[in-house]
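Asker:
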Amino acid sequence: MPFFSRREPEEEIPPEPQYEEPRKRGLLGSLRRDPSPTPTSSTQRTNSTRLTTSTYHSASPSRSSRGSGGGGLLHKFGGHSNEELDPSIVQARERVMGAESAEREADRALELARREVRDAREEVRRLELEAKEEARRAKIKQYHAKEVSKRGKALGRHDI
Numbered sequence: 059m060p061f062f063s064r065r066e067p068e069e070e071i072p073p074e075p076q077y078e079e080p081r082k083r084g085l086l087g088s089l090r091r092d093p094s095p096t097p098t099s100s101t102q103r104t105n106s107t108r109l110t111t112s113t114y115h116s117a118s119p120s121r122s123s124r125g126s127g128g129g130g131l132l133h134k135f136g137g138h139s140n141e142e143l144d145p146s147i148v149q150a151r152e153r154v155m156g157a158e159s160a161e162r163e164a165d166r167a168l169e170l171a172r173r174e175v176r177d178a179r180e181e182v183r184r185l186e187l188e189a190k191e192e193a194r195r196a197k198i199k200q201y202h203a204k205e206v207s208k209r210g211k212a213l214g215r216h217d218i
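Mind the numbering: the sequence shown is residues 59 to 218 in this note's numbering, read in order.
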């Protein structure tokens with residue numbers, strides 16, 4: 059651990075007590091749950107950021123499916139709800155979704171920056187063309203002024 063780093067201890071969140079129903083075996087056994095889960099949120103402090111996670115717990119007691127065997131077809135092939143997944147998996151999924159969101163925001167910012175650069179370059183080109191045109195007009199004006207000056211030098215024969 060470096061000498062000058064400051065690390066606050068992470069807050070421990072006590073696990074919620076869960077009631078386990080007796081297992082129901084069969085293909086449709088995993089579908090017999092309360093259809094309206096209620097959201098609960100928790101806040102964890104990690105390094106310098108706060109991470110708020112929302113998990114859904116059903117109002118009625120839910121069964122745990124961590125045992126071996128039974129559970130239905132979807133359970134066997136990864137059809138887990140957020141409630142059944144390991145918290146580290148849920149946290150990793152949320153971090154990935156946050157990273158994807160940050161990438162989309164970065165893409166928008168990059169596109170905006172590219173558009174601003176394009177607009178700035180167009181304005182510089184326009185100013186260069188304008189300056190070139192003004193220089194051309196100034197040369198023409200200088201040429202005409204020289205001609206008028208030559209004609210004006212011829213004046214004064216009468217010593218005025």
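Using N, Cα and C, we set each Cβ at its ideal position, and we do this for glycine too.
Arg194 to Glu169, Cα distance in whole Å?
Answerer: The alpha-carbon atoms of Arg194 and Glu169 are separated by roughly 37 Å.
Asker: In whole angstroms, give me the CA-to-CA distance for Ser118 and Glu174.
Answerer: The predicted model places Ser118 with a pLDDT of 48, which falls under 50 and marks its position as unreliable; any figure quoted below should be read in that light. Answer to the nearest angstrom: the Cα atoms are 55 Å apart.
Asker: Residue range of the alpha helix (DSSP H) that Asp165 falls in?
Answerer: Start and end: Pro145 to Lys211.
Asker: Going straight from the alpha carbon of Gly156 to that of Gln149, what length do you get?
Answerer: Cα-Cα distance, rounded: 10 Å.
Asker: Do you know how far the Cα of Arg183 is from the Cα of Ile147?
Answerer: When rounded, the distance between both Cα atoms is 53 Å.
Asker: Hey, how far is the Cα of Val206 from the Cα of Ala212?
Answerer: In a straight line, the C-alpha of Val206 is about 10 Å away from that of Ala212.
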